[in-house]
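Step one of this worksheet: look at the structure below.
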Amino acid sequence: MSTLTGAPPTTSRALSTAVSNPRPFRLVRHSLALAKRSLIKTWRTPEALIDVTLQPVLFLIIFVYIFGGAVAGSTHDYLQFLLPGILAQTIATGAIAIGVNLNTDIAKGIFDRFRSLPIPRSAPLVGAVLGDVVRYVIVTISTLAIGYLLGFRIDSDPLRAIAGCLLAVLFALCLSWLPVFVSMKVRTPGAVQGLMFALIMPLSFASNVFVSADTLPGWMQAFVDVNPMTHLVAAVRGLFLGTPVGSHVWWTLAWCAGFVAIFMPLALRAYRKKI
Numbered sequence: 001m002s003t004l005t006g007a008p009p010t011t012s013r014a015l016s017t018a019v020s021n022p023r024p025f026r027l028v029r030h031s032l033a034l035a036k037r038s039l040i041k042t043w044r045t046p047e048a049l050i051d052v053t054l055q056p057v058l059f060l061i062i063f064v065y066i067f068g069g070a071v072a073g074s075t076h077d078y079l080q081f082l083l084p085g086i087l088a089q090t091i092a093t094g095a096i097a098i099g100v101n102l103n104t105d106i107a108k109g110i111f112d113r114f115r116s117l118p119i120p121r122s123a124p125l126v127g128a129v130l131g132d133v134v135r136y137v138i139v140t141i142s143t144l145a146i147g148y149l150l151g152f153r154i155d156s157d158p159l160r161a162i163a164g165c166l167l168a169v170l171f172a173l174c175l176s177w178l179p180v181f182v183s184m185k186v187r188t189p190g191a192v193q194g195l196m197f198a199l200i201m202p203l204s205f206a207s208n209v210f211v212s213a214d215t216l217p218g219w220m221q222a223f224v225d226v227n228p229m230t231h232l233v234a235a236v237r238g239l240f241l242g243t244p245v246g247s248h249v250w251w252t253l254a255w256c257a258g259f260v261a262i263f264m265p266l267a268l269r270a271y272r273k274k275i
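This is the structure:
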């Protein structure tokens with residue numbers, strides 16, 4: 001009779017653990033566990049890192065040696081100007097992968113398994129975002145590595161250079177909540193990728209990534225001035241090259257806070273409706 005009326009030992013143990021641990025602690029612990037799952041998945045499929053390793057190499061070589069002489073009169077001068085912009089662009093486009101991967105996992109039914117586990121409902125999404133930090137670190141290292149091989153040099157002190165790298169990674173982590181939200185609203189991974197590229201490309205090219213912002217048409221300046229990529233690139237460029245950064249760092253941090261404040265709740269809400 002006790003066997004019929006009592007809960008299974010495994011279920012009872014899971015429920016008692018869930019009750020005894022405070023909710024914030026549970027969310028952090030389970031999110032880190034799922035982030036580890038994401039890292040293992042990336043380790044077993046290294047070809048998924050092509051976009052954050054090969055893309056900056058191609059962009060730097062193509063733009064420096066084809067357009068550098070025409071734009072800056074010197075390939076070396078243009079490389080110094082371009083590399084922070086390529087880092088920002090690549091780290092932003094690298095965030096698209098998380099939306100594609102989440103949409104694929106949902107289609108495969110993996111999130112149905114997560115729903116049956118005694119974990120906070122938001123843990124799979126938070127864990128996926130935290131797990132992607134490795135992608136952003138890799139793109140930062142690979143971009144700086146190929147840049148140094150081509151002749152790029154950081155002209156500021158190490159602390160400012162590290163701050164520039166951390167700012168770029170933080171921006172990508174916060175921006176990740178946009179593709180996470182998109183992945184909850186569209187039906188296929190291809191749709192996620194197409195929609196996100198349609199959003200990221202205008203941000204990249206209508207900015208100071210490839211040319212100085214004051215050379216762009218006047219009618220475009222209003223958009224360029226509020227473009228989050230413009231502030232990120234100006235901040236990273238200043239931190240790498242030792243030039244004044246003005247208020248660009250603060251504007252970048254404000255955009256990071258805005259991405260999280262807007263798209264994280266929207267993504268979690270869409271996730272609860274979808275799963």
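According to the UniProt record's numbering, the sequence shown is numbered sequentially starting from 1. Think of the CB as a built atom: it goes at the ideal place given N, C-alpha and C, for glycine as much as any other residue. Computed from a predicted model, the values in this text were never measured in an experiment.
- Under the 8 Å Cβ criterion, the segment 72-83 does not count as touching the segment 92-111, having fewer than three qualifying pairs.
- A straight-line Cα-Cα distance of about 28 Å links V226 and G147.
- Secondary structure remark: continuous alpha helix (DSSP H) runs of at least 4 residues inside the segment 216-271, in chain order: 218-226, 228-241.
- Residues G127, L130, G131 of the same chain have their beta carbon placed closer than 6 Å to that of A35, with the five preceding and five following residues left out of the count.
- Of the residues G164, L102, S156, the one whose Cα lies closest to the Cα of I91 is G164.
- Assignment of P56 by DSSP, reduced to helix, strand and coil, places it in the helix class.
- Taking all protein chains shown into account, S142 has 16 or more neighbouring C-beta atoms within 10 Å of its C-beta and is therefore buried.
- Just so you know, the alpha carbons of Q55 and R187 end up roughly 27 Å apart.
- For K185 and A97, the gap between their C-alpha atoms comes out near 16 Å.
- For the set F181, A261, D214, T230, the Cα lying nearest the Cα of P202 is the one of T230.
- Under the 10 Å beta carbon count, R237 is surrounded by 16 or more other beta carbons and is classified as buried.
- Setting aside the 5 residues that flank it on each side, F223 is surrounded in the same chain by A206, each with a C-beta closer than 8 Å to its C-beta; the list follows chain order.
- Residue state for S38 is assigned as helix, using DSSP reduced to three classes.
- The C-beta distance from L239 to V245 rounds to 6 Å, short enough to meet the 8 Å contact threshold.
- Per DSSP, R187 lies in no alpha helix (DSSP H) and is assigned neither H nor E.
- For the 8 Å CB-CB criterion, G99 and V52 do not form a contact.
- Take L195, set aside five residues on each side of it, and the residues of its chain with a beta-carbon closer than 7 Å to its own are V182, V186, in chain order.
- Judged by DSSP secondary structure, L144 falls within the alpha helix (DSSP H) whose first and last residues are 133-150.
- By the neighbour-count criterion, in which 16 or more other beta carbons inside 10 Å mark a residue as buried, Y136 falls on the buried side.
- Assignment of D157 by DSSP, reduced to helix, strand and coil, places it in the coil class.
- Cβ contact annotation for C174 (same chain, cutoff 7 Å, sequence separation greater than five): C256, F259, V260, in chain order.
- If you look at L102, you'll find it in the alpha helix (DSSP H) that goes 96-108.
- Look at L117 here: in three-state DSSP terms it is coil, with no helix or strand label.
- In this structure, DSSP gives A206 a state outside helix and strand, which the three-state scheme calls coil.
- S176 carries a coil assignment under DSSP once its states are collapsed to helix, strand and coil.
- By the Cβ neighbour-count rule, A254 is exposed, with fewer than 16 other Cβ atoms within 10 Å of its own.
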